[in-house]
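S.K.: Using numbering that gives the first Met the number 0, the first residue of the sequence shown is number 0, and each one after it goes up by one.
Backbone N, C-alpha and C define an ideal beta-carbon position, used for all residues, glycine too.
Just so you know, these numbers come straight off a predicted model, no measurement behind them.
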Amino acid sequence: MTEDVRRVFRMDNEVLAFRFTATVSDRAGRTPRERLTDAARLKLWLGAAGLDVTDVSPTGLKGALELREAIYRIGSAIAAGERPRSKDVHTLNTIAAAGHAKAALEHERAGWHLTKTTPVRDALGVLATDAIRILGGPERDRVKNCEGPGCAGLFLDTSRGANRRWCSMNTCGNKVKKSRSAAR
Ligand SMILES: [Zn+2]
0 MTEDVRRVFR MDNEVLAFRF TATVSDRAGR TPRERLTDAA RLKLWLGAAG
50 LDVTDVSPTG LKGALELREA IYRIGSAIAA GERPRSKDVH TLNTIAAAGH
100 AKAALEHERA GWHLTKTTPV RDALGVLATD AIRILGGPER DRVKNCEGPG
150 CAGLFLDTSR GANRRWCSMN TCGNKVKKSR SAAR
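Written out as structure tokens, the structure reads:
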């Protein structure tokens, strides 16, 4: 039986690559939670992200986790105004280059076609390419780590005043609001 994706993962980040990094929650908390605990979970997440794959091998899962953590470290470095580690940049670029997914406009929505032979590699290539687009794009100075309790998740601050502090108003923003009003 497949699990309900929204119970397992937080899918509310606007940036695909950052949504992927959110598969670890409470990164700055006492007990970070890994949600990609096995290959089936990765398949589930990819499907929910519009990247349907038939099967994920243990090697595919390992590659995905490497990519995810490289994206997270690069994003956090940029958010802190630091230079990302070249090893992480190399991982990101290698995975982006290995993918053969083709973008397609379908029913007025952007979609991806993966090859039959290496769908997981292609899917990871899509995630890496999305990360490059954001981390190296014109809005890179709007990449931030969430200030929600224990969260530290990456997000792109698209607010007009560039003053957003939380990865999501519905989760972290609300938590902070609630704890403030409880303190009053
Ligand atoms: Zn957050």
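Going by beta-carbon coordinates alone, are A38 and V55 separated by less than 8 Å?
M.R.: Contact flag set, yes.
S.K.: Whole-angstrom Cβ separation of A16 and D129, contact assumed at under 8 Å?
M.R.: Indeed they touch by this definition, with Cβ atoms about 4 Å apart.
S.K.: Any idea if A182 is buried or exposed, counting beta-carbon neighbours within 10 angstroms, 16 or more meaning buried?
M.R.: A182 is exposed by the Cβ-count criterion.
S.K.: For K101, which three-state DSSP category applies?
M.R.: DSSP places K101 in strand when its eight states are reduced to three.
S.K.: Below 8 Å between beta carbons: does that hold for D11 and S167?
M.R.: Against a cut-off of 8 Å, the Cβ pair of S167 and D11 comes out as a contact.
S.K.: Please report the residue range of the beta strand (DSSP E) in which F154 lies.
M.R.: Looking at the DSSP string, the run of the beta strand (DSSP E) that includes F154 is L153 to L155.
S.K.: At a cut-off of 7 Å, would you count T157 as near ligand 1, judging by its Cβ distance to the nearest heavy atom?
M.R.: Outside the cutoff, so no.
S.K.: Quick check on S24: does DSSP put it in helix, strand or coil?
M.R.: In the structure shown, S24 sits in a strand (DSSP, three-state: E or B).
S.K.: Following a CB-centred definition, is G152 positioned closer than 7 Å to any heavy atom of ligand 1?
M.R.: Correct: G152 has its Cβ closer than 7 Å to ligand 1.
S.K.: Please report how far the alpha carbon of L45 lies from the alpha carbon of G80, in whole angstroms.
M.R.: Their Cα atoms are separated by approximately 30 Å.
S.K.: When DSSP labels each residue in this structure, what does V7 get in the three-state scheme?
M.R.: Residue state, collapsed to three classes: helix.
S.K.: Three-state secondary structure (DSSP) at H112?
M.R.: Note: H112 maps to strand in three-state DSSP.
S.K.: What residues match up with I139 in a beta bridge as DSSP calls it?
M.R.: With the sequence shown as reference, residue 139 is identified as Arg, and Ile is not the correct amino acid for it. DSSP lists no partner for R139.
S.K.: Using the Cβ count rule (16 or more neighbours within 10 Å means buried), how would you classify T114?
M.R.: The residue in question, T114, is exposed, as its Cβ has fewer than 16 Cβ neighbours within 10 Å.
S.K.: Using 8 Å as the threshold, is the C-beta distance between E146 and R159 below it?
M.R.: No, they are not a contact pair.
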